[in-house]
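Heads up: the sequence shown begins at 5 in my numbering, then just goes up one per residue.
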Amino acid sequence: MRNGLLSGVIDLIDSVDPSFIPVFQADPDISCEEYGNTLTVAWITFNYLHLDKAMRHAVSYALNYSYVVDVIYDGDAVRWPTYIPNGIPYANYSLDAATFDRPVARNKLLTDPTWGPICAAAGLTGASSDAAWIAVATGGSPIAHYNYTWNIGNDKRENIGLRLAFDLEYIGVKLDVNGVTWGDFLDMIIADREKMDMYALGWAPDYLDPETYINPIWSNVSDINGGNFYEPDVQVLMDDALTEINPTVRSNMYWMIQKLMVEEYMPGMTLITGINYDAWQTYVLGWVPNPIERVWFYPVYIESDDLTPPDITILSPVSDQVFGVYAPTFTITIIDESPVDSTWYTIDGEVTNYTFSGLIGTVNQTAWDDAGIGSISLTFYANDTLGNLGSETVNIFKDIVGPDITIHSPLPNQEFGVDAPTYNITITSEYLLHSLWYTIDGGVTNYTSYGLTGAINQNAWDSASQGNILITFSAEDDTGKIGTSSVTVIKSIPSEPPIPGYDVILIFGVISLVAIILMKKIKNK
5 MRNGLLSGVI DLIDSVDPSF IPVFQADPDI SCEEYGNTLT VAWITFNYLH
55 LDKAMRHAVS YALNYSYVVD VIYDGDAVRW PTYIPNGIPY ANYSLDAATF
105 DRPVARNKLL TDPTWGPICA AAGLTGASSD AAWIAVATGG SPIAHYNYTW
155 NIGNDKRENI GLRLAFDLEY IGVKLDVNGV TWGDFLDMII ADREKMDMYA
205 LGWAPDYLDP ETYINPIWSN VSDINGGNFY EPDVQVLMDD ALTEINPTVR
255 SNMYWMIQKL MVEEYMPGMT LITGINYDAW QTYVLGWVPN PIERVWFYPV
305 YIESDDLTPP DITILSPVSD QVFGVYAPTF TITIIDESPV DSTWYTIDGE
355 VTNYTFSGLI GTVNQTAWDD AGIGSISLTF YANDTLGNLG SETVNIFKDI
405 VGPDITIHSP LPNQEFGVDA PTYNITITSE YLLHSLWYTI DGGVTNYTSY
455 GLTGAINQNA WDSASQGNIL ITFSAEDDTG KIGTSSVTVI KSIPSEPPIP
505 GYDVILIFGV ISLVAIILMK KIKNK
């Protein structure tokens, strides 16, 4: 195929082999372009019954992801930080995904009530050297001992396992890397899951919907949920999102699914998506790259006079979708008889235009911050090499009003003594809640609240001075908007009462002493 395109026998190659890219890009008669990430992904699954939360977090921060991308995939991939890839609606790349950070990985174990004592027994602390951690992992008594399974013949999965084993030694963990046949590998995922602690897998979508990346792999009713992942809150969101028809509500559901899986539960380690390169003869016009690697030849033609503007379709965001403080991501398609020369968008009626490349991206955050609240017209433009200009607009909504918090108790100016106050609040929000916290020292220290009722942290209350204390509750929704509400209470601890009868006893003692002295003087006379 390489020689066929170079000689002109072949007009077009989609999904170009990375080794051919420099040759094609050096040929003036060939267009070879990168079109963002593919929708093919790879990740590592944890056995949810074998690795607890602290260990899953530690392992996730221990892996050198750059090595996986740059060495194992030879740069022909990009890091995939969540469970839905760019190009699929509702992908959220703004989450706090695990990165390669050995001190963080070690701290996840050192501060855990289960793994902390095990580390301490092995003589490990936050100040221990790399050599000390490696010695524990390789010395016969590791902090933990797991296996990683890969299917024989897949060199990348084998090398991922070897790299993971290398990195885990730096947190005191030993990892066996086991290769099995593809048939045995599938049997273990479906029927013999207890034999595997971790394994790598790849996936490509059947259609452009986030469900195809979530439910088949992670639902508790899926045969290929080989990691036995199950969390009730995620499962409810998975099930409800299948039938939800409101795009804004559905978007919030998938954003929350990703947030819980990426930042809280970590049922696996998302690794990479591929990079999409296509190459074609310069006289071939109208070719539209597709991240799902499906080919549509209807608009493709040999160069001729072209007066048709590029046809833009906005896949996301959808009409009337609501966004908060974070700028929207977008996915579009462009069909044109001639090659597309430039693309840009505006959110202020062309006062400012922002150029972009590819078919997916994120609206400029500064421009979004400057935009007013309410309806915003997001317009995309595409200009082809013959000067034909096409555009398409979607109206979305910006809402930065945070959740509304009502404090039922404590009451304003209510007095409390030694015991910290209890609280009872309600929160009204159009969107799913992301987090809830309170402070009693002006935000110097924040305390996470896991419900609408509870008690103020007793240690914080003990440390607070007597007098007026301002308790401030804050709630953040999944669009990034924060609402607050405060109440002032009074800390008043009365002085301890005097010992009953103490003054009488003291006076009686003084009188007795004086009487004794007088009696002695009388006797001496």
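Glycine included, C-beta positions come from ideal geometry on N, C-alpha and C.
For F28, the enclosing alpha helix (DSSP H) has its first and last residue at 25-30. Beta-bridge pairing by DSSP links C123 to no other residue.
Going by beta carbons, I473 and I444 fall inside the 7 Å limit. In the displayed model, W154 falls within a strand according to three-state DSSP.
For N182, the secondary structure class from DSSP, reduced to helix, strand or coil, is strand. The straight-line gap separating the alpha-carbon atoms of E354 and P22 is approximately 38 Å.
Y211 sits exposed, since fewer than 16 C-beta atoms from the chains shown fall within 10 Å of its C-beta. Collapsing the DSSP output to three states places V238 in a helix. Between T350 and T312, the C-beta gap is not smaller than 7 Å, which leaves the two residues out of contact.
If you ignore the 5 residues before and after T185, its C-beta comes within less than 8 Å of the C-beta of N155, I156, all in its own chain and listed in chain order. Restricting attention to D180, G290, G183, T410, the CA atom closest to the CA of P314 is found in G290.
In the DSSP annotation of this structure, the continuous segment of the alpha helix (DSSP H) that includes M260 starts and ends at 251-263. If you check the CB distance, I411 and A479 do not come in under 7 Å. For the 7 Å CB-CB criterion, A102 and A62 do not form a contact. Judged by pairs of C-beta atoms under 8 Å, the stretch 362-381 touches the stretch 393-403, as three or more such pairs exist. If you draw a 10 Å sphere on the C-beta of S467, you find fewer than 16 other C-beta atoms in it, and that means exposed. Under the 10 Å beta carbon count, G187 is surrounded by fewer than 16 other beta carbons and is classified as exposed. When beta bridges are read from the DSSP output, Q285 appears opposite I34. For a cut-off of 8 Å, the C-beta gap from V288 to A331 is around 35 Å, too long to register as a contact. Here T370 carries a helix assignment [DSSP, helix/strand/coil]. Take the alpha-carbon of T153 and the one of L241: they are about 30 Å apart. G79 counts as exposed, since fewer than 16 other C-beta atoms from the protein chains shown sit within 10 angstroms of its C-beta. With a 10 Å radius around the Cβ and a threshold of 16 neighbouring Cβ atoms, S342 comes out buried. Going by beta carbons, D116 and Y150 fall outside the 7 Å limit. Taking M260 as the centre and dropping the five residues before and after it, the same chain places the C-beta of L241, L436, D482 closer than 7 Å to its C-beta, in chain order. Rounded to the nearest angstrom, the Cβ distance from A371 to V344 is 23 Å, too far for a contact under 8 Å. Remark: three or more beta-carbon pairs, one from each stretch, lie closer than 8 Å, so the stretch 209-223 and the stretch 83-91 are flagged as touching.
A straight-line Cα-Cα distance of about 29 Å links A126 and N163. For D188, the secondary structure class from DSSP, reduced to helix, strand or coil, is helix.
According to DSSP, S381 shares a beta bridge with N399.
Nearest Cα to Y281 within the set A30, N256, E37, N182: E37. Going by C-alpha positions, P414 is about 12 Å away from S489. If the five residues before and after G447 are omitted, its C-beta is found closer than 8 Å to the C-beta atoms of T476, all from its own chain and listed in chain order.
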